[in-house]
Amino acid sequence: MYEQHFGFREKPFSMTPDPALLFLGSKHATGLNMLRYGLMNRAGITVLTGDIGAGKTTLLRQLLNETESDVVVGLISNTHESFGNLMQWVSVAFGLPVTSDSKAILYEQFSQFLIAQYAHGKRTVLIVDEAQNLEKHALEELRLLTNINADKDQLLQLVLAGQPDLRERLQLPGLMQFVQRIAVDYHLSPLNPEETERYINHRLVAVGGTAGLFDPAACRFIHYQSHGVPRIINSICDTALVYGYASGETQISVHLVFDMVIERVSAGLFGAGVLDFEELGAGDPNQLRKRALDRARLRAASNLRRATSETVIT
Ligand SMILES: Nc1ncnc2c1ncn2[C@@H]1O[C@H](COP(=O)(O)OP(=O)(O)O)[C@@H](O)[C@H]1O
Ligand SMILES: [Mg+2]
23 MYEQHFGFRE
33 KPFSMTPDPA
43 LLFLGSKHAT
53 GLNMLRYGLM
63 NRAGITVLTG
73 DIGAGKTTLL
83 RQLLNETESD
93 VVVGLISNTH
103 ESFGNLMQWV
113 SVAFGLPVTS
123 DSKAILYEQF
133 SQFLIAQYAH
143 GKRTVLIVDE
153 AQNLEKHALE
163 ELRLLTNINA
173 DKDQLLQLVL
183 AGQPDLRERL
193 QLPGLMQFVQ
203 RIAVDYHLSP
213 LNPEETERYI
223 NHRLVAVGGT
233 AGLFDPAACR
243 FIHYQSHGVP
253 RIINSICDTA
263 LVYGYASGET
273 QISVHLVFDM
283 VIERVSAGLF
293 GAGVLDFEEL
303 GAGDPNQLRK
313 RALDRARLRA
323 ASNLRRATSE
333 TVIT
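Just so we're aligned: 118 in this note's numbering is position 96 of the sequence shown, and the numbers increase by one with no gaps anywhere.
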């Protein structure tokens with residue numbers, strides 16, 4: 023609704039993955055290069071970790087877009103707790119029929135598939151997103167798949183992406199052999215203040231808007247509120263644009279963003295990054311809510327002071 027007002031071709035901060043909106047600051051660029059390197063150098067296992075919303079899936083999608091026709095990719099993107107028979111998921115990921123419940127039969131079918139790809143000069147890569155949900159036995163089964171080989175060539179490469187828990191999970195006793203196979207490993211950390219500002223401007227310009235629409239203090243404030251996590255930056259920026267449009271602004275100032283955050287917090291509408299009920303522990307829900315709101319307001323006020331003091335002296 024605000025697109026026209028700000029001269030955008032489309033929404034700059036939508037969550038849908040769009041290669042045109044891809045921002046390759048140093049962290050995402052390095053992450054992507056690590057993924058490419060792993061793929062090209064036939065790394066047995068590549069691991070990418072990062073917090074929720076850091077950009078892992080975005081990088082995987084970019085990698086998928088770039089893969090050449092000699093690479094066959096299977097993607098498992100939904101690994102919830104009830105993740106059952108791994109071989110069934112692997113089969114589905116490569117479009118193989120799931121004709122049996124038997125792990126052995128599916129394993130055999132998959133081995134034949136890998137050998138056939140190899141014979142056609144193709145490499146096979148299995149990407150598992152949200153891999154922090156994988157149980158130890160599933161990780162072990164995945165490793166066994168990377169053992170399948172022909173003429174000493176390993177036939178399957180694995181790329182795992184997941185939240186930081188994945189790293190802890192891999193340190194469980196018994197996963198030593200898995201860890202030894204990890205050739206490439208990268209942790210995607212949040213954006214720093216400068217990168218946050220460049221990220222915001224990049225997305226604005228990519229949709230036909232102007233860099234600087236969010237003034238520097240606003241960018242700084244958004245950085246502190248979001249801890250530099252792209253998904254939260256998007257959510258704050260998108261809402262700020264709605265507010266800016268509603269009040270007829272042509273510039274998004276730090277005060278506009280601050281007022282918006284306070285209003286949303288008071289309405290209980292801002293989740294991640296603004297309200298953190300969990301860290302308050304147990305107790306009467308109403309009291310907890312009130313304390314969470316107070317904290318969130320205090321935090322926003324302190325971020326406002328920090329953002330304005332840091333951007334005045336430039
Ligand atoms: N490098 C990036 N360039 C552009 N947008 C990004 C980037 N990283 C993350 N985003 C945005 O943040 C949102 C969350 O990223 P996502 O890849 O889903 O995170 P994760 O998989 O780590 O939870 C995406 O919808 C995308 O809009
Ligand atoms: Mg993801």
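Even glycine gets a Cβ: it sits at the ideal position worked out from N, Cα and C.
Keep in mind that this is a model prediction, so the values were computed, not measured.
At a threshold of 6 Å, Lys49 does not count as near ligand 2, since its beta carbon sits no closer than that to any of the ligand's heavy atoms. Within the same chain, and ignoring the five residues on either side of Thr89 in sequence, the residues whose Cβ sits closer than 7 Å to its Cβ are Val95. The residues Gln185, Val251, Arg253 and Ala294, in chain order, have a CB closer than 8 Å to that of Ile74 in the same chain once the five nearest residues on each side in sequence are set aside.
In the DSSP assignment, Ile149 falls within the unbroken beta strand (DSSP E) covering Arg145 to Val150. No residue range can be given for Val229, since it is assigned to no alpha helix (DSSP H) and is classified by DSSP as neither H nor E. Under the rule that a run must span 4 or more residues, the alpha helix (DSSP H) segments found entirely inside the stretch 147 to 195 read 158 to 168 and 187 to 192. When distances are taken from the beta-carbon of Lys312 to the heavy atoms of ligand 2, even the shortest one reaches 6 Å or more. Straight across, the Cα-Cα distance linking Met37 with Ser275 is about 23 Å. Residue pairing by DSSP places Thr71 opposite Gly184 and His209 in a beta bridge. By the neighbour-count criterion, in which 16 or more other beta carbons inside 10 Å mark a residue as buried, Leu180 falls on the buried side. Note on geometry: alpha-carbon atoms of Gln154 and Leu192 lie some 9 Å from one another. Restricting attention to Ile98, His209 and Thr68, the CA atom closest to the CA of Asp151 is found in Ile98. Per DSSP, the beta bridge partners of Gly96 are Leu148.
In this structure, DSSP gives Phe280 a helical state, which the three-state scheme calls helix. Sorted by position in the chain, Lys78, Thr79 and Asp151 make up the residues whose C-beta lies under 6 Å from a heavy atom of ligand 2. With the rule of 3 Cβ pairs closer than 8 Å, the stretch 208 to 219 counts as touching the stretch 238 to 246. Each residue's CA atom was taken as its position, placing Asp306 and Ala289 some 19 Å apart.
Counting the other CB atoms within 10 Å of its CB gives Ile258 a total of 16 or more, which places it among the buried residues.
With a cut-off of 8 Å on Cβ pairs, the stretch 155 to 162 is not in contact with the stretch 128 to 146, counting fewer than three such pairs.
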